[in-house]
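Note that the protein sequences, when read in sequence, are chains U, C, A and V.
The first sequence begins at 930 in this note's numbering and counts up one residue at a time.
The second sequence begins at 930 in this note's numbering and counts up one residue at a time.
The third sequence begins at 930 in this note's numbering and counts up one residue at a time.
The fourth sequence begins at 930 in this note's numbering and counts up one residue at a time.
Number of protein chains: 4
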Amino acid sequence: MNSRDALRTGKEHLDSLRDGRVVYVGDEKIDDVTRHPAFREAAKTVASIYDMKADPANRDAMTFEEDGGRYSIYYLRARTRDDLQRRMVGHRMIADMTHGLFGRSPDHVASFVTGMAMKLDELKAPHGHAENLLAYYKHIRATDAYVVYAVVPPQAARNPEFYTRQNLPTPTLRVVREDADGVVISGMKILATGAVFANEIWIGNVIPLAPDQKTEAITCAIPCNAAGLSLWSRKPLSLEGKTEFDSPLGFRFDETDSMVLCQEVKVPWDKVFVHGDATLSRDIYVKTPSHCFGNHQSTVRYWSKMRLLVGLCSKIAEATGADQVPAVREKLGQMSAVEGAIAGMVNGQINAFESWPEGHACFNRHMVYSALDWCTQNYAKFVDELRELCGGGVFQMPADISVMNDPALANQFTGFFQTPQADAISRMKLFKLAWDLVGSEFAGRHQQYEKFYAGASFIVRNHTFRETDWNALNGIVDRLMASYDYKPMTKARSAP
Amino acid sequence: MNSRDALRTGKEHLDSLRDGRVVYVGDEKIDDVTRHPAFREAAKTVASIYDMKADPANRDAMTFEEDGGRYSIYYLRARTRDDLQRRMVGHRMIADMTHGLFGRSPDHVASFVTGMAMKLDELKAPHGHAENLLAYYKHIRATDAYVVYAVVPPQAARNPEFYTRQNLPTPTLRVVREDADGVVISGMKILATGAVFANEIWIGNVIPLAPDQKTEAITCAIPCNAAGLSLWSRKPLSLEGKTEFDSPLGFRFDETDSMVLCQEVKVPWDKVFVHGDATLSRDIYVKTPSHCFGNHQSTVRYWSKMRLLVGLCSKIAEATGADQVPAVREKLGQMSAVEGAIAGMVNGQINAFESWPEGHACFNRHMVYSALDWCTQNYAKFVDELRELCGGGVFQMPADISVMNDPALANQFTGFFQTPQADAISRMKLFKLAWDLVGSEFAGRHQQYEKFYAGASFIVRNHTFRETDWNALNGIVDRLMASYDYKPMTKARSAP
Amino acid sequence: MNSRDALRTGKEHLDSLRDGRVVYVGDEKIDDVTRHPAFREAAKTVASIYDMKADPANRDAMTFEEDGGRYSIYYLRARTRDDLQRRMVGHRMIADMTHGLFGRSPDHVASFVTGMAMKLDELKAPHGHAENLLAYYKHIRATDAYVVYAVVPPQAARNPEFYTRQNLPTPTLRVVREDADGVVISGMKILATGAVFANEIWIGNVIPLAPDQKTEAITCAIPCNAAGLSLWSRKPLSLEGKTEFDSPLGFRFDETDSMVLCQEVKVPWDKVFVHGDATLSRDIYVKTPSHCFGNHQSTVRYWSKMRLLVGLCSKIAEATGADQVPAVREKLGQMSAVEGAIAGMVNGQINAFESWPEGHACFNRHMVYSALDWCTQNYAKFVDELRELCGGGVFQMPADISVMNDPALANQFTGFFQTPQADAISRMKLFKLAWDLVGSEFAGRHQQYEKFYAGASFIVRNHTFRETDWNALNGIVDRLMASYDYKPMTKARSAP
Amino acid sequence: MNSRDALRTGKEHLDSLRDGRVVYVGDEKIDDVTRHPAFREAAKTVASIYDMKADPANRDAMTFEEDGGRYSIYYLRARTRDDLQRRMVGHRMIADMTHGLFGRSPDHVASFVTGMAMKLDELKAPHGHAENLLAYYKHIRATDAYVVYAVVPPQAARNPEFYTRQNLPTPTLRVVREDADGVVISGMKILATGAVFANEIWIGNVIPLAPDQKTEAITCAIPCNAAGLSLWSRKPLSLEGKTEFDSPLGFRFDETDSMVLCQEVKVPWDKVFVHGDATLSRDIYVKTPSHCFGNHQSTVRYWSKMRLLVGLCSKIAEATGADQVPAVREKLGQMSAVEGAIAGMVNGQINAFESWPEGHACFNRHMVYSALDWCTQNYAKFVDELRELCGGGVFQMPADISVMNDPALANQFTGFFQTPQADAISRMKLFKLAWDLVGSEFAGRHQQYEKFYAGASFIVRNHTFRETDWNALNGIVDRLMASYDYKPMTKARSAP
């Protein structure tokens, strides 16, 4: 890394992960996430993103200069349409590396923080700490840190009386104490995707709190190796003895999801951004470009995913020979239109960008949420189209490629499973790849994930609702209705 | 109109329609489309579009200057992203006047011609006549003419042998003779939407012909009052004694659809653009920006329609009080996302614009067709959402507003039909308006029309298929598969 | 009619409609619904149903004998599966006459009353009057009367305080007075489909009332010519100068919808079934076979409609020649499966019939409501399939068949519009027929109607929810979960 | 087992599987499927079906008597509606044991054979061997054998010229030689679901062959341990170190899918049913009740699956507390209607049963295929509804229940993951169960499987198309159109 550049290499990032963090898979404590089979391949994937960014060949696309430093492009506080375009291209290059399957890549939460840093006056004193936020933005920008977030309470926490009644600790993370140095937090937050590969966790509330939930209204940042913090990983998808050939996507791209459990974790004041104001703790996302910037990244990422999906539709149709059937060609055209739709919706966010105070520029928020709604509602359907094209072919393969180890079986395999379109091994490789997007547990996680990426459907639609100019739309009807009126009838009667 | 400006007023346009054209509604011959009750209201609508364009207040948005003249914006041969943006805004202002319900407005075929004039070398001699096309472009631009088209053969015409065998005239329009002055055409073309309000009809072939269909491969322009030409209108939607109050949309916005019947219509050579080359007669649309420009207008128009639709969803929910129900608010958010999706897809076409030879700029074609596929596939579904919000309310109204003519009935009506949200007359007005988009025959025509705007689904999807960069998409899969391979297995066996 | 038989002829029924009833179409008062052009054709349709029933050839299918009389089959209080089968066949024969487009035929409310008469003890005294109900059942059975119902309050009536505050009469129908002879009712009820062709209107509440809505909790029957009663018809669909050729379905099958306005209508006590008990006024439908019997008829009727729809899909595909395209044949198979699905769901209601007290038999209620949900949710989709098959063909026809009046036009029409599959007139006839199911206002009314046949979707689903054996379904999960438990882990760790 | 009864016990069945059969998982040869971890749990499931059948308590439901023997109910050649009802109940009891997740249970192919044995004259000599079929039917009935089938060629085999050209063995199974004792077959067939747990494999062709594919037109039965036969299993779903707690469905119900590879397998003549007639080799399924009986079982099985699915929807909604939300209650009503729909469609097949020659009774075939189309088209959608109800809850769980092994973690787990509705372990157990139906690889296999249960959608719809009475449906339209005609117009003109 050039001394002036804040561009971390992959190796540097991997090194940064060996920091004593506490990660559990069930009751197993993971010593080193960069070496444990459940995590090491995805860790390499994260490293490769850093390497790509640091590659001088990508300097123009992936970085920008400001205040004498050179930073990752996703820290750019946009001022023009072109800035927004540069952000989009940066997200796209990162997403393309993982085909959108590693959604909470380093550019995701960084975009939240950057968007927030573009409208600091929303972090209103005394409960908001704008100067801390700005300093934090500059800090992660300078260190090129990987920040993830945990901004939702556990399902378990929706009925606090229940816990009180039973003399149980309430599970939701909250401030339990504060002193001159900072606050102390305890409890659980979900769902810190990517946390095992990250440096910092942003703690906050993207879902509205009740006004009296003041202790829960803490927004802060903690390092992944904070004392008292443990990360409970959901079942890793690459732990099950599968090879890369069997499960090429799950093998590399399991970004992991973790519950964040804090037991008396100390947060110094300068890492506290909101404290004690339930409404403010959420407003900082939606009254600044923060939430919009983060979700723009999501739609760009989805676009990359659709490109892989449509590519697979095409290759599978080719492999089965179905690409010659008119109805299948129409289907391919239809799936290509899916890719074109999200491509259009991403680009539209830029073309119809919004001007913000102090010369800032923001993606068109209504279009961001509209695209997000489309993405979350339709993913299962798009996967189903690829499923349909795969047909029974996914089951007509040996259990795994180990058949090649036995000469007699290998002979049968290469003979019986080849087709005019492809040799046996290539066919199996292609169908295994497709299966990892439609049928494996990795595929299952993605079907669940896309649907709940931004919460339940009503949450996404509340965003859209909020960002709709209802006066304009209602006004269309009002003006139309005002342009005519009923008139006393003079119609001919059917009977005299 | 300024003497230097080519901007027709509404009155000038109406005058231009009294030209002796032959229009039939069933066996009724229409003398003057600007005065006949089946057509006069829609004729006024067309006139109002011309007036809006000619209004000095809209000079910047609706016109451009070139070669010393000032022309309607949709004749602009785009060279920059900004030019494309200007075209879009122009389409949008026209579409907003009719809420997208008058799709084949004057800017539609004009865009086809303009797009074609941006890539003249595709009109290859000897069968193509580039110079005629350019002259025609300049002619309609200068006269601000309203051109529509008829570019599809009648369903009846798909089996020519049948007609030959029975000694019948083949119905499809074709060249029956040519001489020094031009060609003579006879036969039927469909479906000249807007023709009764237009000045010229563009005759052509947007659907591929068989290579030997040389006489059908005629592309030319004829005036609406050409000798030998008759227009057979489908059932007008405003002929049925309804008032504007009953049917406010059908009353004004029935753009009409006509079959074009030619009996020995003479076309001078300078109005012939392609003659005798079946492949070329279609290529001129898809190898130039022509088809893309025309269909961009369609997606802009659809956007306006969605704005009315979503506005109505909101107003109807307000009128029934359902807007307070969380599930209905989610539905409104979802419908707003529909508007945001098409808004995004329109804007995306501009942001991701294509550079063409000779410094021209074109909307992103893949995004145009992707948007078109989305539009055609989903219209009935969107209408169904408004239908759902209307509930039974549309039936809970008197037959018509004539109840107000009878004091006793009027008293009952205004008393029994008012609600906390609205007085009886306003409620009825609103529900009648909504019904004209979901339930009336006008609504039925639009549900049919949007589905077949660009032909059957496979036609739209063939466009998308053609404009897809399959190498790029397949390459994603290829590169991914090339990045790993099977390895001889060393997995632990479950049994020794 | 045999003197012992209670089987009315069509003529007798038409005579019964000339009884001084007050019917308004807007401000026009209709003198004789059997002669007025808005109603006479549908009145003939009703008469033809009566004639079919009275036809000796249909005696076995359409009638049953009990207590020395012979009655319409839909008055049969079922005791066996075979009785239920007979009811179904009877409904089907009636529905087939109108292709399910005249849903509130005489067998509809008669089934409600018959089902109620099978469980009289639910009409609990003092607010319920079981003996009156039984007498009424016998009366309408003996007179073969056509009863319709109005059992929903107007949208306007959901906020009674509003009216009180403004000193306005509350619009909902209620008891305003009672005396020794009976009760007096005033106010509005919706939506009395078929009322203009019926003899009696059943007034009641199928949607739950608030417990304190005691005066609204009136269930009774009034004759259509009751003093003080007026029927306000929604816009008739056959009033608009269309011919039978143009609109063959709307011409015959507009069953009409009317608002019921009562001004001091007197109801004698023996026609009062529930009075003063809000809960009971609804329970009588769902705690007896009443609601189930009525909605069984609806699913049978829908089946007839699907048979017409699928027949039209087939004929239209034949007419365009598309029936030779594999994808279209698949579509026809798919649409046939729609018909088979509702056929199965109707027959299943019989096969899985329920035994009720006192030896009665009832259709399987869960299956009735499940079928109803399927019907209401999917109608617009099924119509859209026919719309798709029609393509642009519906617009490629002259305005109306009057072209045949002019020899020159007739010559062009028969020549240019014929195809290898059909002559021009037959094609036009077929497309006009299809249009009346997909695009006309009659079609629009049916798309709205099927969706709200039984109220909003949540109402239908509440019925299904109520009739679900949740203990059984939850028990499946409970037993499965009880059959295994977690065991202390002995899994191999991935690292020592 | 009683000496007169042909009712195998579970233990007897497991014993029968240790017969030297050759089964591969990749390159691993499985010694004993009843003991290998990949198969033993599912083998127990099969055994439990046999035990349930043999249980005297189920004697009436699960068996019937004929010719002095007592047999499994699914061998009953139905003669009455009641017989069909008994078959249905038998299938249902078997399906309920596996919640429809083990579709190719012993009653599946047995039903194919039984249906065929009801119309023996379709196995026309000389290529059909009716007497062999009858003997085989009696043989499997008497031995209570578990028969599965492989009746589709491998995807690889659709272009025979390709193989010839390259001098490769054609992969499709075919007769390579015949002699006095029988035929010799070689090649591959797919997809023998359940084969590793079965006794016999039925080899045949349910998809039409080309007329000249005479050697492929072999229909016969071979034992699973036939010399020269090997079964290649697809990846077992229970091999991956998961516990029953993690994956309760996959653990027990992985019915397995195998490719059938034959190398010179000898088939004695008495096990040959069709030989040398391509058309006949398929007709035996669709011209007898065979295919209908087999697919009836499939729809019954699907019903059981829907009962588990809807039960899970209910339990999950209860566990998250969402069951109190009106919109979720509506959703539960909707899902219950899904269960009611398939319940109705299964029962309808019985109520509308068909009479066949020689006194036999058959399920209504059109309804069977209509139900099948509904099942295959909608499964992914139904799963998506459960996915939606699960929300993010499926990710908010520790990796596995091993957390309970560590007291400190166990303490956190039981404290932080409990809710007012359930303790932590029960919640995790429920969400893991749901995940095994929506997200695991087992779930993925079922989403693929239901879609292709009966082949691609056009195959299912061709069955429906074939079994449709198009004359009846077209006749509806024909008669309607014949009932009116156009009349010379006398309509008032709008202009004189």
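The beta carbon of each residue, even a glycine, is placed where N, CA and C say it ideally should be.
Could you tell me the distance, in whole angstroms, from the CA atom of isoleucine 1119 of chain U to the CA atom of valine 1081 of chain U? 5 Å
At least one CB of chain U closer than 9 Å to the CB of leucine 1190 of chain V: is that the case? yes
Proximal residues of chain C, C-beta to C-beta of proline 1417 of chain U below 8 Å: Met1333, Asn1334
Please return the same chain residues whose Cβ sits closer than 7 Å to the Cβ of arginine 1070 of chain A, not counting the five positions on each side in sequence. Ala935, Tyr1000, Tyr1004
Rounding to the nearest angstrom, what Cα-Cα distance links leucine 943 of chain C and methionine 1026 of chain C in this structure? 18 Å
Below-9 Å beta-carbon distance, methionine 1047 of chain C vs any chain U residue: no
What first and last residue would you give for the alpha helix (DSSP H) that runs through cysteine 1153 of chain C? From DSSP, cysteine 1153 of chain C is part of no alpha helix (DSSP H); its letter is neither H nor E.
Going by beta carbon distance, what residues of the same chain come within less than 8 Å of glutamate 1129 of chain U, once the five residues before and after it are set aside? Ile1069, Ala1074, Tyr1075, Val1076, Val1077, Ala1150, Ile1151, Pro1152, Cys1153
Quick check: what's the CA-CA separation for glycine 1384 of chain V versus glycine 1321 of chain U? 8 Å
Do tryptophan 1285 of chain V and lysine 1048 of chain V have their C-beta atoms within less than 9 Å of each other? yes
Between which two residues does the alpha helix (DSSP H) holding alanine 1402 of chain C run? Note that residue 1402 of chain C is leucine in the sequence shown here, rather than alanine. Taken as a continuous stretch (DSSP letters only), the alpha helix (DSSP H) holding leucine 1402 of chain C covers 1399 to 1411.
Taking the CB atoms as reference points, tell me whether arginine 950 of chain V and leucine 1158 of chain V lie closer together than 9 Å. yes
Have a look at alanine 1121 of chain A and lysine 1310 of chain C and give me their C-alpha separation to the nearest angstrom. 29 Å
With three or more beta-carbon pairs closer than 8 Å as the criterion, would you say the segment 1243 to 1263 of chain V touches the segment 1395 to 1403 of chain A? yes
Same chain, Cβ closer than 8 Å to leucine 1366 of chain A, neighbours up to 5 away in sequence not counted: Leu1178, Leu1237, Leu1238, Leu1241, Val1312, Leu1315, Ala1372, His1375
Give me the Cβ distance between alanine 1146 of chain C and asparagine 1134 of chain C, rounded to the nearest whole Å; I'm assuming they're in contact under 8 Å. 7 Å
Just to confirm the assignment: which complete beta strand (DSSP E) runs, minimum length 3, are found wholly within the segment 1043 to 1079 of chain V? 1076 to 1079
Does threonine 879 of chain A come out as helix, strand or coil in the three-state DSSP assignment? In the structure as shown, chain A begins at 930 and stops at 1425. Residue 879 of chain A is therefore absent and cannot be evaluated.
Close Cβ partners of glycine 1205 of chain U (< 7 Å) along its chain, the five nearest in sequence each way excluded: His1056, Lys1143, Ala1146
Could you give the DSSP three-state label for leucine 1190 of chain A: helix, strand or coil? strand
Closest to glutamate 1379 of chain V by C-alpha separation, out of V:Asp984, V:Thr1228, V:Ile1136, would be which residue? V:Thr1228
Is there contact here, the segment 1341 to 1354 of chain A with the segment 1300 to 1308 of chain V, by at least three beta-carbon pairs under 8 Å? no
Alanine 1256 of chain U CB to nearest chain A CB: under 9 Å? yes
Of all the residues that make up the segment 1261 to 1286 of chain C, which are near chain U by a beta-carbon distance shorter than 8 Å? Leu1261, Gly1262, Gln1263, Ser1265, Ala1266, Val1267, Glu1268, Gly1269, Ala1270, Ala1272, Gly1273, Met1274, Val1275, Asn1276, Gly1277, Gln1278, Ile1279, Asn1280, Ala1281
Closer than 8 Å at the beta carbon, the chain C residues around phenylalanine 1142 of chain A: One point to set straight first is that residue 1142 of chain A is glutamine, not phenylalanine, in the sequence displayed. Chain C residues near glutamine 1142 of chain A: none, gap ~17 Å exceeds 8 Å.
So, is alanine 1256 of chain A buried or exposed, given that buried needs 16 or more other C-beta atoms within 10 angstroms? exposed
If you follow the alpha helix (DSSP H) that methionine 1357 of chain V is in, where does it begin and where does it stop? 1353 to 1367
Thinking C-alpha only, which one of C:Tyr1214, C:Asp1199, C:Thr1172, C:Lys1171 is nearest proline 1137 of chain C? C:Tyr1214
Do you know offhand how far serine 1187 of chain A's Cα is from isoleucine 1245 of chain C's? 22 Å
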